[in-house]
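Q:
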Amino acid sequence: MPLIYYRCFGYPDSNAGFPNKWLAIASLLMALGIMLAVGCRKTDETIAKDNLKIGMLIPLSGAAASAGESAQAGATLAIRDVSEYLNSTGSGLEIEFTIKDTGSDPETALQQLEELDGQGVRFIIGPYSSADAAASLDYADQQGVILLSPSSVASSLAIADDNLFRLVPSDGNQAEAMAALFSHDGIETVIPVVRDDVWGEGLIQDVTPLLEQQGKTVLNSIQYEPSNVNSADIAAQVAASISQALQQSPAAQVAVYLLSFGEGASILSAAAQEPDCALVRWYGSSAFANNANLLEDPAAAQFALQQGLRCPSFAPDPAAMDSWEPIEQQLASQLGRAPEVFALTSYDAVWLMTQAYRDCASPSNPQSFRAALGQAAKYHYGITGRTAFDEAGDRKYAFFEFWGLSQDNGGFEWESFGHYDNSSGQLDIN
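Residue numbering for the sequence shown follows numbering that gives the first Met the number 0, starting at 0 and increasing by one per position.
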């Protein structure tokens, strides 16, 4: 049983490890008092022989399969740990966990959600992507299904009072992190290569005004259809845009900004065949950080290393390292690589969903459960840190880590190269 459960309530000092015993007890009593006041606390008798059905909608195939594999590993580990905790306390609550593969396809995500709902599964971890979440949200709102996504970030889904909650901050925060990195690296002209979906379009819309406010130039996006990726054609368009940009700016001030899922590896591999693509730096996004596809494509990996590719990713709170690092190491050993951060947010999602279910007197009532989930998140301190939501039901506190490739024993691996704290605006590059 992980120690993390005892950090569910109260915020530890950012310079300290675990809160002391009395602070934890006081925080717990305060939280319980609040929940009793709103009528959202089950008694032990109420939860006796209870069954909590949790579903998970993640891509185990398709362009986002790497992240789906990580999320599945994190959630499955959490189910084991939560179940061990419940058994150790004599709780009658049992968890039934069902995973559905969305295939990295929004229509499939909706179909799988409908299937889970038909099986009586009303509490869902996922969907993974913003496109999947957008396709599923109307159904979830209409049918009273609760969605807790460990990874959806599109700003267009930052909607108050809906049934979608997100354990990652919306993309406005990632845009700030990227703007800070571009400024640090002296980039003045950006060539976006954008996955044509709700996430890709939303992210470039978030980033562009920030860069333009800094006096930078954002060229017209090179968009591609996710279901029909012609990497050679994309690379040729990028090369042409680079040639155009270099007529106005030195190469050191020009960069390609790739907003992709796992298909980014094939785009980089094709770019390696275009000489002009090697004249400038390349950057990626959160959906590509720690992606396994890149490690499995030597040509793409070598090009990414050569061009100094950097990808931001939501990062767990550094103050919570004692909690998330052992879990991350365990999952890395299981996966044979560093997991995407969504493995850790998926782990937290299981604990948080279970906590909200236990706290809510009427979990079958969507409004009651939404209130219980928001209240539980407010006091929960998971392995990724504070999980409190903002007014839209998205993670309130944001940290980002910048990832790139390094070589190890003839192979490639993802390595952290820096951090960005949205609350302070501080950028630290290793």
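Heads up, the beta-carbon is just placed ideally off N, CA and C, and yes, glycines get one too.
Since this is a predicted model, take the numbers as computed values, not measurements.
#1: Among the residues of its own chain, which have a CB less than 6 Å from the CB of SER135, if the five just before and after it don't count?
#2: Spatial neighbours of LEU28 within its chain, please: C-beta separation below 6 Å, excluding the five flanking residues on both sides.
#3: Assuming contact is defined by CB atoms lying nearer than 7 Å, are VAL340 and ILE78 in contact in what I supplied?
#4: Alpha carbon to alpha carbon, how far is ASP427 from SER345? Give it in angstroms, no decimals.
#5: Once you ignore the five residues that flank HIS465 on each side, which residues in its own chain have a CB closer than 6 Å to its CB?
#6: Given GLU93, which residues of its chain have a CB within under 6 Å of its CB, disregarding the five upstream and five downstream residues?
#7: Drop a sphere of 10 angstroms on the beta-carbon of PRO249, count the other beta-carbons inside from all chains shown, and report buried for 16 or more, exposed for fewer.
#8: Among the candidates PHE181, THR188, LEU202 and ASP160, whose CA atom is the shortest distance from the CA of ASN172?
#9: Just to confirm the assignment, what range does the beta strand (DSSP E) spanning LEU258 have?
#10: Ignoring anything shorter than 4 residues or poking outside the stretch 351–393, list the alpha helix (DSSP H) runs there in chain order.
#11: Taking only the alpha-carbon atoms, compute the straight-line gap between GLU414 and SER65 and give it to the nearest angstrom.
#12: Within the same chain, show all residues whose beta-carbon is closer than 6 Å to that of ILE266, passing over the 5 residues directly before and after it, in chain order.
#13: Determine the extent of the alpha helix (DSSP H) in which VAL237 is found, giving its start and end residues.
#14: Mark GLY185 as exposed unless 16 or more other C-beta atoms lie within 10 angstroms of its C-beta, in which case mark it buried.
#15: Once DSSP output is grouped into helix, strand and coil, what is the label at PRO208?
#16: Tell me whether the stretch 274–285 and the stretch 235–248 touch, counting them as touching only if at least three CB pairs, one residue from each stretch, are closer than 8 Å.
#17: From ASP116 to ALA133, what does the alpha carbon distance come to, in whole angstroms?
#18: Which partner residues does PHE401 have in the DSSP bridge list?
#19: Would you be able to state if there are at least three C-beta pairs under 8 Å between the stretch 141–151 and the stretch 212–230?
#20: Exposed or buried, which one is ASN289 when buried takes at least 16 other CB atoms within 10 Å?
#21: Buried or exposed: where does GLN328 fall if 16 or more other Cβ atoms within 10 Å of its Cβ makes it buried?
#22: Specify, as a first and last residue, the run of the beta strand (DSSP E) that GLY54 falls within.
#23: Residue range of the alpha helix (DSSP H) that SER322 falls in?
#24: I'd like the span of the beta strand (DSSP E) that includes LEU147, first residue to last.
#25: Cβ atoms of LEU163 and LEU146: under 7 Å apart, would you say?
#26: Within the continuous beta strand (DSSP E) that includes LEU426, where are the two ends?
#27: By the three-class DSSP mapping on this structure, what secondary structure does THR188 have?
#28: Can you give me the Cβ contacts of GLY102 inside the same chain, cut-off strictly under 7 Å, excluding the 5 residues immediately before and after it?
#29: Within the same chain, show all residues whose beta-carbon is closer than 8 Å to that of GLU175, passing over the 5 residues directly before and after it, in chain order.
#30: Can you tell me whether TYR346 is helix, strand or coil according to DSSP?
#31: Hey, how far is the Cα of GLN333 from the Cα of GLU324?
#32: DSSP three-state call for ASP100: helix, strand or coil?
#33: Among residues of its own chain, excluding the 5 on either side of ASP170, which ones have a beta-carbon nearer than 7 Å to its beta-carbon?
#34: Here's the rule: buried if 16 or more other CB atoms are within 10 angstroms of the residue's CB, otherwise exposed. What is ASP137?
#35: Spatial neighbours of PHE411 within its chain, please: CB distance less than 6 Å, with the 5 preceding and 5 following residues excluded, ordered by chain position.
#36: My understanding is that ASN194 touches PHE260, with C-beta atoms under 8 Å, so please give their C-beta distance in whole angstroms.
A: According to the data block:
#1: For SER135, where only same-chain residues beyond five positions count, the Cβ hits under 6 Å are ALA108, LEU109, LEU112 and PRO126.
#2: Unreliable placement is indicated for LEU28, whose pLDDT of 38 sits below 50; the coordinate value is still reported in the next sentence. There are no such residues.
#3: Not in contact: VAL340 and ILE78 (Cβ atoms no closer than 7 Å).
#4: 27 Å
#5: Outside the displayed span of the chain (0 to 429) sits residue 465, for which this structure offers no information.
#6: ASN50
#7: exposed
#8: Cα-wise, what sits closest to ASN172 is LEU202.
#9: 253–258
#10: 365–378
#11: 17 Å
#12: SER230 and ILE233
#13: Run containing VAL237: 230–244, per the alpha helix (DSSP H) assignment.
#14: exposed
#15: helix
#16: A contact between stretches requires three or more CB pairs, one per stretch, nearer than 8 Å, and the stretch 274–285 meets this requirement with the stretch 235–248.
#17: 17 Å
#18: PRO311 and GLY417.
#19: no
#20: The residue is buried, with at least 16 neighbouring Cβ atoms inside 10 Å.
#21: exposed
#22: 50–57
#23: 320–334
#24: 145–148
#25: With respect to LEU163, LEU146 sits close: the two C-beta atoms are nearer than 7 Å.
#26: 425–428
#27: strand
#28: PRO58, SER60 and GLY61
#29: LEU209, TYR419, ASN421 and GLY424
#30: In the structure shown, TYR346 sits in a helix (DSSP, three-state: H, G or I).
#31: 14 Å
#32: strand
#33: VAL152, ALA153, SER154, GLY201, LEU202 and ASP205
#34: Counting C-beta atoms within 10 angstroms of its own C-beta, ASP137 has fewer than 16 neighbours from the protein chains shown and is therefore classed as exposed.
#35: LEU294, ALA300 and LEU404
#36: Before going further, note that residue 194 is Arg rather than Asn in the sequence given. With 8 Å as the limit, ARG194 and PHE260 qualify as a contact, their Cβ atoms being about 7 Å apart.
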